[in-house]
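Peer 1: Residues 545 to 795 in the numbering used here are what the sequence shown lists, from first letter to last.
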Amino acid sequence: MAKRRKLIAGNWKMNGLKADGVALARDLAGRLRAAGGLPAELLVCPPATLIWPVAEAVAGSGLAVGGQDCHPMAGGAHTGDISAAMLAEAGCGHVIVGHSERRQDHGESDALVAAKAAAAHAAGLVAILCVGETGAERDRGEAGAVVARQLGGSIPAGATAANTVIAYEPVWAIGTGRTATPADVAEIHALIRAELVRRLETGSAVRILYGGSVKGANAGALMAVPDVDGALVGGASLKADEFWAIATSCP
Ligand code: 13P
């Protein structure tokens with residue numbers, strides 16, 4: 545089986561105005577050019593307003609750009625929403641769908657997440673599909689069951705290793721500084737791998753990212769866990785040095 549190339553993705557969330565965002569992206573693109581590329585693939589997902597200027601600023605550097613969400617429909621009367629094709633035109637190759645903050649803040653269901661991922665695929669984007677249990681669910685011993693249920697409901701027909709990446713982000717580890725232990729991560733990533741292999745022909749090649757308080761200091765240990773194929777990074781992706789440290793921690 546071909547080796548899965550790691551993907552280090554920065555989710556800027558609702559942070560950054562144009563000057564700072566473009567400067568951060570330029571800084572990363574410059575480091576990537578100077579390094580002549582990295583073993584890992586590098587992606588930043590800025591807020592929607594910054595996608596276009598960031599994509600222009602990093603064009604040709606190898607730094608990829610993605611969106612943080614898309615609407616399930618291709619177009620129409622959906623005030624405030626953005627379609628996958630609009631993201632693609634602005635320079636995105638990826639889009640995050642089903643992030644726990646959207647599942648919580650906007651009540652997004654597994655079915656809606658599956659429809660968004662399908663819309664991403666139809667527009668030629670790679671869907672980074674997020675799953676993860678809350679702290680209460682973990683305390684009740686339900687982490688594996690919750691993640692399996694989310695995968696079952698959120699992976700659309702037509703998903704392949706080429707158009708889909710899974711991100712395991714335990715909600716209790718997001719923005720808390722509390723990282724899942726390598727043992728916790730290994731257990732859930734193995735479960736996700738088994739589900740992917742059972743559901744998809746290319747399941748063994750789908751990349752599975754870990755997210756939740758990843759930083760330079762813990763990235764090496766997390767990226768060495770079996771079936772961890774990269775990271776989805778929030779807070780630490782807003783600092784060029786930290787994000788670069790994570791990016792370069794991958795063999
Ligand atoms: P933090 O890295 O800030 O914990 O956020 C993780 C995350 O939600 C990335 O999508």
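Backbone N, C-alpha and C fix where the C-beta goes; we use that ideal spot for every residue, glycine too. Since the structure is predicted, the reported quantities are computational estimates derived from the model, not experimental observations.
#1: Does the pairing of the region 625-636 with the region 688-707 give three or more beta-carbon distances under 8 Å?
#2: Under DSSP, the beta strand (DSSP E) around Arg577 begins and ends at which residues?
#3: I need the boundaries of the beta strand (DSSP E) containing Arg549, first residue and last residue.
#4: Quick check: does the Cβ of Ala780 come within less than 7 Å of any heavy atom belonging to the ligand 13P?
#5: Just list the alpha helix (DSSP H) runs in the region 737-780, keeping only unbroken ones of 4 residues or longer that don't cross its boundaries, in chain order.
#6: CA-CA distance, Ala629 and Ala667?
#7: Quick one: what's got a C-beta closer than 6 Å to Gly610's C-beta in the same chain, skipping five residues either side?
#8: With a threshold of 16 other CB atoms inside 10 Å of the CB of Gly580, please say whether the residue is buried or exposed.
#9: Would Leu568 and Leu607 qualify as a contact pair, given that the criterion is a beta-carbon distance under 8 Å?
#10: List the endpoints of the continuous alpha helix (DSSP H) containing Leu656.
Peer 2: In this structure, then:
#1: In short, these stretches do not touch, since the Cβ pair count stays below three.
#2: Residue 577 sits at position 33 when you count from the first residue of the sequence shown. Here Arg577 belongs to no beta strand (DSSP E); instead the alpha helix (DSSP H) covers 562-579.
#3: As a position in the sequence shown, residue 549 is number 5, starting the count at 1. No beta strand (DSSP E) contains Arg549, which DSSP labels as neither H nor E.
#4: Residue mapping note: residue 780 aligns to position 236 of the sequence shown, counting from 1. Under cutoff, so the answer is yes.
#5: 760-767
#6: Against the sequence shown, residue 629 aligns to sequence position 85. Against the sequence shown, residue 667 aligns to sequence position 123. So the alpha carbons of these two residues sit roughly 5 Å apart.
#7: Working through the sequence shown from its first residue, we reach residue 610 at position 66. Around Gly610: Leu587, Cys589, Cys636, His638, Val639.
#8: By one-based count along the sequence shown, residue 580 stands at place 36. Gly580 should be labelled exposed.
#9: Locating residue 568 in the sequence shown gives position 24, where the first residue counts as 1. Locating residue 607 in the sequence shown gives position 63, where the first residue counts as 1. No, Cβ-Cβ distance for Leu568 and Leu607 is not below 8 Å.
#10: In the sequence shown, residue 656 corresponds to position 112, counting from 1. Run containing Leu656: 654-666, per the alpha helix (DSSP H) assignment.
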